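For the sequence shown, the positions run -6 to 323 when our numbering is used. Here is the structure we will look at.
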Amino acid sequence: MTDPATIVVAPDSFKGTMSADEVAEAVAAGVRGAGASPVVVALADGGEGTGQALRNALSAKLITVPTTGPLGQPMDGSILLSHDGTIAVVETATATGLHMSSPTPANAEAATTYGTGVLISAAAAAGASEIWVGVGGSASTDGGRGAIEAIADGGGLGSAKLTVLCDVSTLYTDAAPIFGPQKGADPNTVARLERLLTEFAQQLPRDPRSIPRSGAAGGLSGALWAVHDARLVSGIDHVLDLVKFDEILSGADAVITGEGRLDAQTAHGKVISGVTERALRHATPVWALVGRCDVTDEERRALHITTVAEAGNPTALREAARAMTAAAFG
């Protein structure tokens, strides 16, 4: 009797709709329905859900921290602290998240990373020697000004070292034209934000404008690099290394990954691109389930995705995963 096929289920969250855990649960149910064996590893690339993706790997505990949202509203945020207290994880989306601010020109210009800076400062105060900052899903394009001010107000970082988990490779001032419209910025607002980013970059101890990944979270990553000597790394690669993804792939027959939207940004640091790059090394086929597909067949092939299907809710995800698995291994 042939052993059932092993399918690695490794999705990102569908932003604002389903968490990575929820997506993975639905996909795994479909894989089982087709008679295959799923191996589940919910992922994130520095954006929404990064804390949850890292929590189990670090045996981390959640600590509540009073902070402020992107428009200055008081709120409870949180940080993760590893079991030995040496590593803290701060997720920008929990304090400066796009979902916390209506996408209007006024909000796009007013949104600040101050609340994220409060969380970073709290992580240092908790005694962490390493602070990992996931910077996707931000409502702000303040160039990191708010976070830098909050860290200074909190007394600095002491000897703690920062690593910024970036979900894009965008340059500092490009954050305004590329991501500003998603945050509600109209053309005039985008132009003002570009000027503000340029002016702030020139005030920093080091100019971040030519540094890859410096535009993540509206320039937050670049400011942390310039002021606090942060390392800017690929968020998805950092997560994949921590969960030992290459070891998981070594016994797999296929991978099902996914995210809310497959588009031109996917290739620049998103979960799907990280998964396909690792799978290619193992000659493991990759199938993608996405809420929306905005790439051509040629672009899909360039991403090394064997097949893609749109599925925007748990039922659709389950049925699509079952159909994909049955077609390949039924």
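Glycine is no exception: its CB is placed at the ideal position from the N, C-alpha and C atoms. Computed from a prediction, not measured in an experiment: that's the story for all the values here.
Cβ-Cβ distance between residue i and residue j below 7 Å
i	j	result
Val157	Val128	yes
Ser152	Thr89	no
Val74	Arg48	With the sequence shown as reference, residue 74 is identified as Leu, and Val is not the correct amino acid for it. Result no, Cβ atoms of Leu74 and Arg48 do not sit closer than 7 Å.
Ala50	Thr43	no
Thr250	Ala3	yes
Ala22	Arg311	yes
Ser227	Tyr165	no
Thr(-1)	Ala101	no
Leu350	Thr269	Only positions -6 to 323 of the chain appear in the structure, and residue 350 is not among them; the question remains open.
Pro98	Ser162	no
Ala81	Ile124	yes
Ser71	Leu91	no
Phe193	Gly136	yes
Close Cβ partners of residue i (< 7 Å) along its chain, the five nearest in sequence each way excluded
i	result
Thr299	Pro278, Val279 and Trp280
Asp230	Gly267
Cys286	Leu255, Val301 and Glu303
Leu150	Ala117, Ile144 and His221
Leu235	Leu47 and Ala50
Thr79	Ala121, Ser122 and Glu123
Arg271	Leu233, Phe238, Asp239 and Leu242
Inter-residue spacing [alpha-carbon to alpha-carbon] between residue i and residue j
i	j	result
Thr10	Ser203	34 Å
Ala143	Met93	19 Å
Pro(-3)	Ala29	5 Å
Asp69	Gly62	9 Å
Gly177	Val58	28 Å
Glu291	Ala121	45 Å
His275	Thr87	35 Å
Gly262	Gly39	9 Å
Thr308	Ala320	18 Å
Arg224	Leu217	9 Å
Gln196	Ile113	21 Å
Leu233	Asp239	8 Å
Ala35	Phe7	12 Å
Gly26	Arg315	6 Å
Arg293	Ile265	11 Å
Leu189	Ala313	45 Å
Val1	Thr259	20 Å
Gly244	Glu15	24 Å
Val33	Lys154	31 Å
Cβ-based neighbour list, residue i, same chain, cut-off 8 Å, excluding 5 preceding and 5 following
i	result
Ser133	Pro63, Thr89, Ala104, Thr105, Thr106, Gly139, Lys176, Ala210, Gly211 and Leu213
Met(-6)	Because the pLDDT at Met(-6) is just 46, under 50, the model does not fix this residue reliably, and the point stays unresolved.
Pro170	Val183 and Glu187
Gly253	Asp5, Ser6, Phe7, Lys8, Gly9, Thr10, Val283, Gly284 and Arg285
Gly323	Ala27 and Gly28
Cutoff 6 Å; reference residue i; Cβ partners in own chain excluding five residues on either side
i	result
Ala19	Pro307, Leu310 and Arg311
Legend entry - Within the stretch 16 to 83, ranges of the beta strand (DSSP E) (whole runs, at least 3 residues): 30 to 33, 54 to 61 and 67 to 74
Inset, instruction - Within the stretch 211 to 236, note down every full alpha helix (DSSP H) run reaching 4 residues or more, in order along the chain. - result: 228 to 235
Legend entry - Within the stretch 131 to 195, ranges of the beta strand (DSSP E) (whole runs, at least 3 residues): 154 to 159
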